[in-house]
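My numbering puts the first residue of the sequence shown at 463, with every later residue one more than the last.
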Amino acid sequence: MNTFGRIFRLTDFGESHGEAIGGVIDGFPAGITMDSDFIQSELQRRSPSQHFHSTTRQESDQLRILSGIVDNLSTGAPIGFIINNEDGKKYDDAERFAIKPSHASYTYHRKYGFSDNEYFGRASARQTACRVVAGAFAKLVLRKIETAICAVDISNPQHVPGDDSVGALIACRIQGVPAGLGEPVYDKFHARLGYAMLSINGVKGFDIGKGFDASQMTGSEYNDAQKADFSYHSNHDGGVQAGITNGETIDFRVAFKPIPTIGKVQRTIDFDGNPVVLDAQSRNDRSVSPRVLPVVEAMAAMVTLDFILLHNAFSHEK
463 MNTFGRIFRL TDFGESHGEA IGGVIDGFPA GITMDSDFIQ SELQRRSPSQ HFHSTTRQES
523 DQLRILSGIV DNLSTGAPIG FIINNEDGKK YDDAERFAIK PSHASYTYHR KYGFSDNEYF
583 GRASARQTAC RVVAGAFAKL VLRKIETAIC AVDISNPQHV PGDDSVGALI ACRIQGVPAG
643 LGEPVYDKFH ARLGYAMLSI NGVKGFDIGK GFDASQMTGS EYNDAQKADF SYHSNHDGGV
703 QAGITNGETI DFRVAFKPIP TIGKVQRTID FDGNPVVLDA QSRNDRSVSP RVLPVVEAMA
763 AMVTLDFILL HNAFSHEK
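This is the structure:
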């Protein structure tokens, strides 16, 4: 499945160390003025940087739009785009044929039959650049209705040895979301939001509102009572009730595991079951943060815009 969305859809392609990555955005409204600087700036937020945790891989991530835009306006046609890969690398033999701990090596091998990590570049977080492009386009529409999305790292500060990696806990807030978005019973707003977040590389947990903390609360503590103007005294539901947005701010959290490529020697096996020693790797990120923040925002933007377009298509408010 390389397509996400129902009306606003992204279909993307490409591998980490191939010639390029790219995609097609379908369902984007016509007549939207492009902001190329904004879209490129979103990509730069995800790109490698001088941040302490960032990979040493160098990618300029220059976006090239192939279709769907004329005279800086969207035409309603599919928007094709491409981003060249500039700093891919080839594996050495040991890494190429090893089952890399907590990577896609074994599961992709069992699904697709290949015993060679060169075939598994689709599993790389490099693919998230395509999500950021689509999310930036979605944000262009959302800001016209004053819907804003912001993700921040709320992980507890901790010392990370230079040869290891660390996980991250990201909080995201969607403000200015109209009430009534969501398609019960199987396509609830928070269900699709969770699906979107769990599709991001390395995500192991998602909750919304009070989330898992709600399991330790009483109903009288938890319930979001309303005021005479239909606003709420609290927002423990995180802006979604019965799978439909209620007009309050949508608050959710996403938990990422530590990046599995680390600067320590790791012992594993190859695809034939033979022992392998993997050398320490220093090229990769030590944490997904801060580069993952625009990815979380992008997926939230895509979900929100898709539900708005669905609501406009099928709403009783004609």
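We put the beta carbon where it would ideally sit given N, CA and C, even for glycine.
All figures in this text were calculated on a predicted structure; none of them were measured in a lab.
Classification of residue i by the beta-carbon crowding that lies within 10 angstroms, buried from 16 upward
i: Cys592; result: buried
i: Lys562; result: buried
i: Phe582; result: buried
i: Gln678; result: exposed
i: His652; result: buried
i: Ile607; result: exposed
i: Gln589; result: buried
i: Asp533; result: exposed
i: Leu660; result: exposed
i: Val757; result: buried
i: Asp713; result: buried
Residue i, enclosing beta strand (DSSP E) - first and last residue
i: Pro737; result: Pro737 to Leu740
i: Val622; result: No beta strand (DSSP E) contains Val622, which DSSP labels as neither H nor E.
i: Gly476; result: Arg471 to Gly476
7 Å CB neighbourhood of residue i in its chain, flanking five on each side removed
i: Phe733; result: Phe559, Ile561, His571 and Ser577
i: Ser693; result: none
i: Lys689; result: His695
i: Ala704; result: Pro646
Limits of the unbroken alpha helix (DSSP H) element including residue i
i: Ile501; result: Ser498 to Arg508
i: Val758; result: Leu755 to Phe776
i: Gly442; result: Past the edges of the chain, shown from 463 to 780, lies residue 442, and the structure says nothing about it.
i: Phe599; result: Thr590 to Leu604
i: Asp555; result: Asp555 to Arg558
Cutoff 6 Å; reference residue i; Cβ partners in own chain excluding five residues on either side
i: Lys780; result: Summary for Lys780: the model assigns pLDDT 47, below 50, so the residue's position carries little reliability; its value from the coordinates is reported in the next sentence. Same-chain partners within the cutoff: there are none.
i: Ser617; result: Ala630 and Leu631
i: Gly542; result: Val486, Leu528 and Ser529
i: Leu472; result: Phe466, Gly485, Ile487 and Ala596
According to DSSP, residues forming a beta bridge with residue i
i: Ser536; result: Ile531
i: Phe718; result: Ala630 and Val665
Cβ-based neighbour list, residue i, same chain, cut-off 8 Å, excluding 5 preceding and 5 following
i: Ser522; result: Ser509 and Glu548
i: Tyr684; result: Lys672, Ala676 and His698
Below-8 Å beta-carbon distance, residue i vs any chain D residue
i: Glu557; result: Here chain D cannot be found, since the structure has a single protein chain.
Counting Cβ pairs closer than 8 Å, one from the segment 720 to 728 and one from the segment 470 to 487, do we hit at least three? no
Evaluate contact between the segment 636 to 647 and the segment 661 to 679, counting only Cβ atoms and requiring at least three cross-stretch pairs below 8 Å. no
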